[in-house]
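Participant: Structure below; questions to follow.
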Amino acid sequence: MSEIESVAVVGAGFMGTGIAEAVAVAGMPVIVRDVDEAAMGRAGERIETSLARAVRGGKLSESDARAARERIELTTSLRAIDQADLVVEAVPEDERLKLSVMEAIAGVVSDGAVVASNTSSIPIAELAQAVSQPERVLGLHFFSPVPVMNLVEVVVALDTNEETIARSRRFVERLGKRPIETKDRSGFIVNMLLVPYLMAAVRMYEEGFASREDIDNGMKLGCGHPMGPLTLCDFIGLDVLYAVCDSLYEEFKRDEYAPPPLMKRMVASGRLGRKSGRGFYDYG
Ligand code: 3HC
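Add 111 to a position in the sequence shown, counting from 1, and you land on the number used in our numbering.
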């Protein structure tokens with residue numbers, strides 16, 4: 112069984128660039144593909160900033176950071192991914208978009224390549240139908256910020272074969288991250304536990320039961336969480352969380368997954384959290 116030695120990431124947003132950085136820091140070459148030069152420019156800046164932060168925090172030497180940056184190729188050409196042993200789809204959480212991207216990937220990758228999706232909530236079985244040989248498709252769900260969070264959920268769909276799982280697990284371990292295996296069910300392990308907690312905090316705030324600061328401090332100082340739930344919602348992005356809630360609710364029809372009305376209004380008003388400058392808090 113061959114090891115994964117080269118990687119391509121399709122989608123150069125916050126998650127895609129984080130995945131690429133983790134791959135490059137682990138010593139593997141990685142191609143990051145997005146649709147236009149503007150997206151490439153932003154991706155390059157994001158990667159530089161994150162590598163510099165790793166150097167400042169003593170996680171990487173200057174020369175290792177430079178070497179990692181050199182292993183990352185940014186491109187707008189989909190053809191450029193055709194030699195990769197693993198392609199990770201990391202475009203926004205929109206089912207139609209993800210399906211069309213999976214189809215495009217399937218059109219260029221080599222037969223032996225593993226095709227993974229970083230989706231938080233869309234069934235892998237659906238995405239796998241866009242790829243010939245669905246047995247080589249699985250979910251690799253990274254956590255944000257990818258360079259820091261040491262977990263990847265390995266999502267096994269109905270058709271995923273053992274070889275795909277084994278190669279992917281070894282790849283995750285090579286990144287220095289811990290793989291945990293889960294079936295293909297909305298929310299996988301982590302979001303199924305995390306989302307009801309976050310939504311309970313949003314409802315608490317929506318009802319005026321406590322201030323946002325007290326809700327956040329309750330979990331930060333009382334339970335040792337690095338961020339309070341409302342700060343974490345802002346960090347993840349309310350649009351992303353809304354999509355995950357919808358998908359969980361659609362799958363299980365349980366009230367704890369239903370997005371609270373306030374979330375819907377905040378998304379409609381463009382209060383998406385940190386990335387748009389305001390969410391539960393203002394980020395100037
Ligand atoms: N590479 C390597 N290390 C880095 C780095 C990088 N690019 N950037 C930061 N770090 C390191 C720092 O050196 C520091 O290490 P230390 O603790 O050993 O000193 C550590 O990461 C924390 O960095 P900072 O001190 O600069 O930043 P903060 O203290 O503000 O922490 C945070 C930021 C890591 C985001 C922390 O607040 C945290 O862990 N928050 C929770 C994040 C979380 O829950 N993520 C999961 C979201 S759910 C998800 O993604 C799933 C999706 O489907 C919804």
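Glycine included, C-beta positions come from ideal geometry on N, C-alpha and C.
Identify every residue that forms a DSSP beta bridge with ALA119.
Facilitator: Paired residue(s): ILE142, VAL198.
Participant: Would you check if the segment 237 to 255 and the segment 202 to 219 touch, i.e. whether three or more CB-CB distances between them fall below 8 Å?
Facilitator: Touching, per the Cβ criterion.
Participant: Would you mind giving the Cβ-Cβ distance between LEU262 and ILE291, rounded to the nearest angstrom? I have them listed as a contact below 8 Å.
Facilitator: Going by Cβ atoms, the distance from LEU262 to ILE291 rounds to 7 Å, so yes, they are a contact pair.
Participant: Using a strict less-than 5 Å threshold between each residue's beta carbon and the heavy atoms of the ligand 3HC, what residues do you get?
Facilitator: With the cut-off at 5 Å, the residues found are SER161, ARG164, ALA165, GLY168, LYS170, SER231, PHE254, SER255, PRO258, VAL259, PRO337, MET338, ILE347.
Participant: Quick one, which of LYS375, ARG280, ILE183, ASP325 has its alpha-carbon nearest LEU249's?
Facilitator: Nearest of LYS375, ARG280, ILE183, ASP325 to LEU249, Cα basis: ARG280.
Participant: Roughly how many angstroms separate the alpha carbons of GLN194 and LEU305, rounded to a whole number?
Facilitator: Their Cα atoms are separated by approximately 37 Å.
Participant: Do LEU171 and VAL136 count as a contact pair if the criterion is CB distance below 8 Å?
Facilitator: Their beta carbons are under 8 Å apart, which means VAL136 touches LEU171 by this criterion.
Participant: Grab me the residues of ILE183's own chain with a C-beta within less than 7 Å of its C-beta, minus the 5 sequence neighbours each way, in chain order.
Facilitator: Answer for ILE183: ALA131, ALA135, VAL141, VAL143, ILE158, listed in chain order.
Participant: Start and end of the beta strand (DSSP E) containing GLU264?
Facilitator: It spans 262 to 267 - the beta strand (DSSP E) in which GLU264 sits, taken as one unbroken run.
Participant: By alpha-carbon positions, which one of ALA176, GLY223, SER231, SER221 ends up nearest to VAL202?
Facilitator: Of the listed residues, the one whose Cα sits closest to VAL202 is SER231.
Participant: Answer yes or no: does any C-beta atom of chain B fall closer than 8 Å to that of LYS170?
Facilitator: Protein chain content of the structure displayed is limited to a single chain, and chain B is not contained in it.
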